[in-house]
Structures are given as C-alpha cells and as structure tokens.
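Asker: Sequential numbering from 2 applies to the sequence shown in our numbering.
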Amino acid sequence: MALFLAFNPVNIVKLKYPKTAKTETADTFFGKKVDDPFRWLEDDRSPNTKAWVKEQNTLTNAFLDKIPFRKNIVNYLQNVWNYERYSAPFKEGKYTYFYKNDGLQNQSVLYRQIGNNEPEIFLDPNKFSPDGTTSLAGINFSKDGSLLAYQISEGGSDWRKVIVLNAETKQVIEDTLKDVKFSGIAWSGNDGFYYSSYDKPKNASELSAKTDQHKLYYHKLGQKQSDDKLIFGGPEKPRRYVGGGISEDQNFLIVTAATSTNGNELYIKDLRKSDSRIIPVVLNYDNNHEFIHSSGDIIYILTDYKAPNMRLVKMNIQQPDPELWVDVIPETTMPLSVSTGGGKFFASYLKDACTQLLQYSIDGKLEKEIKLPGKGSAGSPGGKWDEKTLYYSFTSYIYPPTIFSFDVESGKSEIYKKSGVKFNPENYQSEQVFFDSKDGTKIPMMITYKKGIQLNGKNPTMLYGYGGFNISLTPSFSTAMMAWLDAGGIYAVPNLRGGGEYGREWHDAGIKTKKQNVFDDFISAAQYLIDKKYTSSQFLCISGGSNGGLLVGACMTQRPDLFKVALPAVGVLDMIRYHKFTAGAGWAYDYGTAEDSKEMLDYLLSYSPYHNLKKGMNYPATMVTTGDHDDRVVPAHSFKFAARLQEMNDGPNPTLIRIETKAGHGAGKPTAMVIQEYADRFAFALYNMGITTLQY
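#1: Per DSSP, W188 is paired with what?
#2: What are the complete beta strand (DSSP E) segments, minimum 3 residues, inside the region 577 to 634?
#3: CA-CA distance, E155 and D45?
#4: What residue does the beta strand (DSSP E) around W160 start on, and which one ends it?
#5: Measure the alpha-carbon distance for F5 versus H612 and round it to whole angstroms.
#6: Could you tell me which residues DSSP puts in a beta bridge with S295?
#7: As a quick exercise: from A586, F30, P636, D522, pick the residue whose alpha carbon is nearest that of V571.
#8: Using a threshold of 7 Å, state whether the C-beta atoms of G554 and P610 are closer than that.
#9: Mark A27 as exposed unless 16 or more other C-beta atoms lie within 10 angstroms of its C-beta, in which case mark it buried.
#10: Considering only residues of the same chain and omitting the five flanking positions on each side of D651, which have a CB-CB separation below 6 Å?
#11: Which residues in the same chain have their Cβ closer than 7 Å to the Cβ of G669, if we skip the five residues on either side of it in sequence?
#12: Could you work out which residue in Q108, W82, Q455, D522 is closest to A484 when comparing CA atoms only?
#13: Could you name each continuous beta strand (DSSP E) segment of 3 residues or more that falls completely within the region 365 to 397, going from the start of the chain to the end?
#14: According to DSSP, what are the bridge partners of A258?
#15: Apply the 10 Å Cβ neighbour rule to K270 and answer buried if 16 or more other Cβ atoms are within range, or exposed otherwise.
#16: Using the Cα positions of V283 and V494, report the straight-line distance between them to the nearest angstrom.
#17: Sort S544, H508, T462 by Cα distance to S538 and report the nearest one.
#18: So, for A7: in the same chain, excluding its five sequence neighbours on each side, which residues have a beta-carbon less than 7 Å away from its beta-carbon?
#19: Does the region 71 to 88 come into contact with the region 670 to 690, if we say contact requires no fewer than three beta-carbon pairs (one atom in each stretch) closer than 8 Å?
#20: So D521 and S438 are in contact, right, with Cβ under 8 Å, and what is the actual spacing, rounded?
#21: Between V314, T29, F436, which has its C-alpha nearest Q528's C-alpha?
#22: Answer with buried or exposed for K345, where buried requires no fewer than 16 other C-beta atoms within 10 angstroms of its C-beta.
#23: Please classify M2 as buried or exposed, where buried requires at least 16 other C-beta atoms within 10 Å of its C-beta.
#24: Just checking, does the region 586 to 602 make contact with the region 623 to 631 on the three C-beta pairs under 8 Å criterion?
#25: What's the gap between the Cα of Q455 and the Cα of K533?
#26: Among residues of its own chain, excluding the 5 on either side of G193, which ones have a beta-carbon nearer than 7 Å to its beta-carbon?
#27: So is N289 buried or exposed if we call it buried at 16+ other beta carbons inside 10 Å?
#28: Comparing C-alpha positions only, which one of F253, D250, L313, Y268 sits nearest to K238?
#29: Once the 5 residues before and after N102 are set aside, which same chain residues still bring their CB inside 6 Å of it?
#30: Expressed to the nearest angstrom, what Euclidean distance is found between the alpha-carbon atoms of K33 and T260?
#31: Counting pairs of Cβ atoms below 8 Å between the region 272 to 280 and the region 288 to 304, do you hit three or more?
#32: Check whether the region 341 to 359 and the region 386 to 399 touch, using three or more Cβ-Cβ pairs below 8 Å as the test.
#33: Cβ atoms of Y195 and K182: under 7 Å apart, would you say?
#34: Using a Cβ-Cβ cutoff of less than 7 Å, which residues in the same chain neighbour V75 once the five nearest sequence positions on both sides are dropped?
#35: Thinking just about the alpha-carbon of each residue, which of A684, L303, K663 is nearest to the one in F70?
#36: Quick one: grab the DSSP three-state call for G468.
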C-alpha cells in the first residue's frame, strides 16, 4: 500500500499564465448578445492557435515535472499494466481469432489459429506507425471468412481508412478506401460491402468542420471508391447518421437513419429478390429500433416503441407495420439489451446498474438465468447462430475482467481466461449506496477503496460521472485505478440521471431543460461522500470525459467551494456553439441548441461552463485535458474554457491544460500514452490536495 510520507497544504504561488488575446466577437440569439472573446481558438489550423497550444503545454509540463512523486506513479502503472490480456475468441471461416496484448504493447495484436495449433499473428497494429498512434478501429469478415475489411484510425481521428485483405494469404487485394467515418462494414457475399461516410470538408478543417449528411455506399470489390454506389442519404434523404448492416443469413440489408443520437428510422431490403426496393418500416425519430436477427420472413427487432425499457419483437417482412409487431421478450421494469448465438436470445438487464443475464428460445420462452460471480457487468454471450460454445466476460470494480465459456445446451459456464493482473480482490471493498439528490430522487453510487481506510474525511477521493446520452456506467475493473486505490484513495461512481441505468425515463430526466438534474445528482454525490466522512472538500477531485467533461465543468462553476481538484477531459464546454462542429448537432436530443428558442438559449447559458466563469472566484485546481486530433468534441471547447478560466480565476489554485498530440477523443490511444496521462492526472490531483511525498 502507498504511504503518504508527507502531507502539508502545498504552498502554491499563483502561476503566471501565457497571455491569451481577446477579441470583440459575439453572437446574437433572439436579440440577446453572447460574447465569445476567445473564438479565435476555434481555428485549429491557425499559427496563432498552434503557438498558444505550445505555450500552454510548456507551462503544464513544467508544473507536472515539479511533482516529486509523478515518476513513482508512472513506474507503478507500468508494473501493474505489464500482464498478458486477451479478448474472447471468435470464429471466422476455419480460423479462431483473438486479440492479445503482451502487457505494455501500445496496441493489442490480432492472432488466429486452427484448432489447438500454435497461434499466428494475423494483424499487428503496432507496425502501423512507429509511435503506436495509428490503431485498428474495426474488423469485418465476409460470411465465409475468406475476406477481411479492416479500419484504421490515425492519431485518434474518427476519420478512417479501410483496407481489404485476402484473409487466407493476408495480402491486400485492392486500393485503400479513404475518408470513412462513423461506419461499420457489412459484407454482401464476397462481391463487396456497405459502408458509411460524410463528404470530406472542402476549404475547411477536416477535424472541426461540420459534418451532417451521412451517406451509405456500396463498394464493389475491384472498382474505384469514386465509383461506389450511393444507397441511402445525400441531398435527397439528408440524415446526420446512416448505418447499414447485413443479417447473418445474408437475406436482408438493414438501414438505420437518424438526425440525433436518440431515435431512428428503420428500412429493410430483401436481398433474396433481385428487384427488391428498400422498404420503410419506421419513418420517424420518436423511438429507437435495432435489428437483432432474422429467420425466413421473420425479423426480430429490439425497440422502445410502446416500451420505454425496450422489448424484443418480431415482424413479418411482408407486413412490417409496427402496429403488427408481436412481443418475443416483453418489456419489464429493467432496461433490456439482446444478443444472439447458439440458436438463442440472451437478454441482458440492468438491475441498479448491474447485469442480470437470461437465456430465451427463439419463440420467447425463458430457459435459464446465467449465474454471474457477483454484482458487476457482463458482456452478453454472443456468437454465430449455429455455434454451441459462446463466450462472455464479467467484471466489477474489484473483479478483473474474466472471460467465461458458455455451453448453450447445458447452460454451464467455465472460466476460459482469467486476468493476469496482480490484484487481490480480498484486499479491497466495493459497496453500492443510495443517496438523495436535490429533488429527493434516489441515486445509486458504487464506492471502492482498499480495506482498512478510516472514515475521517481525509481520504483522497476521485468522483467520476457521465450522466447523458442513455449511456450506463456499470461496474468495471480499471488497471489504472489500482494506482489511486493503492495510494489510499477512494473511487466513487454515481449513476446520474441522463444515463440509461433505469431506462428511457431516467435518460429523459437529464436532458434539455432538465439537464440541471444531472449536475444536482453529482453535487449531491459529493455532499454524501463528505457527510459520511469518506472525504472532505480538501481531498475531493471530480473527473469526467466528453459529456462527463461538461458535467465537471458545470459543477466546478456552480459549486467551486465543494471540490479541491477538477479534471474535465475532452469536454463539451461551450454549450452555445457545440452544434457548429463535426457531428455535434446530433447531440441536440440531449442538449437542445441555442437556436431552438429563447427559453433553450437562456437555459444553456445558465450552465454552459465556458460562459459561467466569473471574476473574483476561487476555482478548484483544474487540469483540462484534450487531444489535438479530437474530431468528436473538438479541442476548441477545452482551449476556450482553459483560456477563460486562467483569466477569471482569482484564487491560487493552478489552471492548466494538457493537450495530447496525435490523440483524439480516446479510442485507440497507445498504452504508453494512456499510462502517462493517468499518471499526470493522479499526480496533479494528489499534489493539489497537499500530498508531497508518495511511495508504493
């Protein structure tokens, strides 16, 4: 266990920040002027912006370099991270494939084998780039396993390239497809595949320009990408998000289309008929619909139509009217997701943010519950329809990820791969508590720590949250958090409204003009931890990324007295202009936009972190983090927020921004980069809590 050999309030002299220019820039909405003096930082191609980034990183690195135990945390993380990690195996053609990381490899390697023969390396993403910043972003085999299309991401960007291989020989068989974004790959036989993309911005930054017309294409092998056929989308059917998938039996093309992250249209084409059209099944965005399986003329769909917590239904392709859909797995009080394999449906429910797994027959008969090791998160068993052995994973905050094999007929689960991490669960405690939010709503929270801590209000505590987009935070093990727990720290994760833990009603209770509920939930979680003596304001750090970065930014501006440290990562921090960049307008279901109405404008202005920074305040020690290739939540959010915070903060606490180069929103980040970022975040938090010496 770590020892705090010295704890003293760190005498931090207020930093001298690089001077950031201000301009007389403003927007006017509904007659209201909204100033934006740091607008110029939105131009990621500008030499002035690049110079500002360099100055800020110099300041941040100088501060972090002075933290005496920062290197100790790096060494600790490198040690505990250095173990073999495996994915569940999956079959394609005659081969069984799996991912493996030897420990500190920047990217996991894709292996394959036949039977019990020695595995061979199939794809090694570590060879894509010298520094590991080019990652494998998706793989899709043809039905017979003879062809593979794989996507790569360079520097963490959402823009992808697609490379096609002969899977047997591992030889590239045609030109690389470029400028693919937010796309799966759906093979139709061995002739070609469907994929999605936007037109690449012209005369604008490809990392920040608005992209709002998604298109589904069909690529025939051997032809130029410029000749690919437009299947759906474009000027005649403009949609912000369009996806195409092929049923496992290759009989149907399923097209989903949406204008936001919630609600989608549904279209289906019967590929058994050469002259078939794409037929509309759902022509509105009121609900969510996901194709699950097909058998003959019967299509199985997971939907929240007339079922806020989701239900599995079946329809006949000859009569697709949603009013004729028949329940296969009816709605319950718990949110539902469904996977398939072995001729079965597997229903995964969330019960107080923990997984419950049930097996159903194709006609909806409940056959068995799959017993899990405890309260935690399980990935549903999944595989091809005719496979008899499936695989699923289980994890919790103190249960390292473990892969189980599952025999469909007997229902027996066995450990297939146990985690090799050096971690003894017996030394740690993870408990679920419920607390009241501001309006009396009961909110669950998982609190994890090393056994033996004293509830004396002096424990360094990391409070992490998200609260949006119907995303559920379920228990999962984090190798990085071992460094925090073994430093005597507490890790707390509340399940805020806006997430999906209790279904659509829970989600909708934290959107648009109810977004303040999310912040109230998080603030109440902090107050609970303080009241119960887990920690105190002096030792409390709040953390979150993306929509969670918004959460941190809003809470630190509303209650700067409550937290000692704030770590907003790749955050949505300018709520007035977020929809002007990349696919940001698609987030309007959750946020609304400043152009919707005066009421919505005023509400967004009431909590937008960038706009609510005030002069004369003593804000928490803050380290904003972002990546220069983040084209999901553009780094301009973080740039502008950090610049304004440095200007407004009159207290002594430091305001820094850490800008990773050749990094995006987070996916595909190399291991070395991940370790250094965690070490910097933990070091910054502990140092500003008054920790001056730390040994593991």
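Glycine residues also receive a C-beta, built at the ideal position from the N, C-alpha and C atoms.
Bear in mind the structure is a predicted one, so any value in this text is a computation, not a measurement.
Answerer: According to the data block:
#1: Against the sequence shown, residue 188 aligns to sequence position 187. DSSP lists F194 as partners of W188.
#2: 622 to 628
#3: Mapped onto the sequence shown, residue 155 falls at position 154. Mapped onto the sequence shown, residue 45 falls at position 44. Cα to Cα, the separation comes out at about 17 Å.
#4: Within the sequence shown, the letter at position 159 stands for residue 160. Counting along the chain, the beta strand (DSSP E) containing W160 begins and ends at 160 to 167.
#5: Taking the first residue of the sequence shown as 1, we reach residue 5 at position 4. Taking the first residue of the sequence shown as 1, we reach residue 612 at position 611. Only weak support is given to the placement of F5: the predicted model assigns it a pLDDT of 49, under 50, and the question is left unresolved by the model.
#6: Numbered from 1 along the sequence shown, position 294 holds the residue referred to as residue 295. S295 is bridged to I300.
#7: For this step, residue 571 is matched to residue 570 along the sequence shown. Looking at the Cα atoms, P636 is the closest of the given residues.
#8: If you number the sequence shown from 1, residue 554 lands on position 553. If you number the sequence shown from 1, residue 610 lands on position 609. Closer than 7 Å, so yes.
#9: Start at 1 with the first residue of the sequence shown, and residue 27 comes out as number 26. So A27 counts as exposed.
#10: Taking the first residue of the sequence shown as 1, we reach residue 651 at position 650. Answer for D651: G617, listed in chain order.
#11: Along the sequence shown, read from residue 1 onward, the residue named residue 669 stands at position 668. Counting only Cβ-Cβ distances below 7 Å, and skipping sequence neighbours, we find S136, A138, S154, G157.
#12: Within the sequence shown, the letter at position 483 stands for residue 484. The candidate whose alpha carbon is nearest that of A484 is W82.
#13: 367 to 371, 390 to 397
#14: For this step, residue 258 is matched to residue 257 along the sequence shown. DSSP output for A258 lists V243, E266 as bridge partner(s).
#15: Indexing the sequence shown from 1 puts residue 270 at position 269. Buried, since its Cβ has 16 or more Cβ neighbours within 10 Å.
#16: Here residue 283 refers to the residue found at position 282 of the sequence shown. Here residue 494 refers to the residue found at position 493 of the sequence shown. Roughly 37 Å between the two C-alpha positions.
#17: Position 537 of the sequence shown, counted from the start, is the residue given in the question as residue 538. Nearest option by C-alpha distance: T462.
#18: Within the sequence shown, residue 7 is the residue found at index 6, counting from 1. Reliability fails at A7, whose pLDDT of 48 lies under 50, so the model's placement of it is uncertain and the value that follows must be treated cautiously. Answer for A7: T693, T694, listed in chain order.
#19: yes
#20: Along the sequence shown, read from residue 1 onward, the residue named residue 521 stands at position 520. Along the sequence shown, read from residue 1 onward, the residue named residue 438 stands at position 437. Sure, about 5 Å apart at Cβ, within 8 Å.
#21: The residue labelled residue 528 in the question sits at position 527 within the sequence shown. Nearest option by C-alpha distance: F436.
#22: Working through the sequence shown from its first residue, we reach residue 345 at position 344. Buried, by the Cβ-count rule.
#23: As a first step, residue 2 is located in the sequence shown; it is residue number 1 there, counting from the start. Per-residue confidence for M2 stands at a pLDDT of 44, beneath the threshold of 50, marking its modelled position as unreliable; the derived number appears in the next sentence. Burial call: exposed.
#24: no
#25: Against the sequence shown, residue 455 aligns to sequence position 454. Against the sequence shown, residue 533 aligns to sequence position 532. One C-alpha to the other measures close to 11 Å.
#26: Position 192 of the sequence shown, counted from the first residue, corresponds to residue 193. Same-chain partners within the cutoff: Y219, H220, K221, L222.
#27: Here residue 289 is taken as the residue at index 288 of the sequence shown, counted from 1. When all chains shown are included, N289 counts as buried.
#28: If you number the sequence shown from 1, residue 238 lands on position 237. Ranking F253, D250, L313, Y268 by Cα distance to K238 puts Y268 first.
#29: Within the sequence shown, residue 102 is the residue found at index 101, counting from 1. Excluding positions up to five away in sequence, the list reads R86, S109.
#30: For this step, residue 33 is matched to residue 32 along the sequence shown. For this step, residue 260 is matched to residue 259 along the sequence shown. Their backbone Cα atoms lie some 28 Å apart in a straight line.
#31: no
#32: yes
#33: In the sequence shown, the residue the question calls residue 182 occupies position 181. In the sequence shown, the residue the question calls residue 195 occupies position 194. No, the Cβ-Cβ distance between K182 and Y195 is not below 7 Å.
#34: On the sequence shown, residue 75 is found 74 positions in, with the first residue counted as 1. Only I676, Q677, A680 meet the Cβ criterion.
#35: Walking along the sequence shown from the start, residue 70 turns up at place 69. Of the listed residues, the one whose Cα sits closest to F70 is A684.
#36: Taking the first residue of the sequence shown as 1, we reach residue 468 at position 467. Looking at G468 - three-state DSSP - the assignment turns out to be coil, as it is neither helix nor strand.
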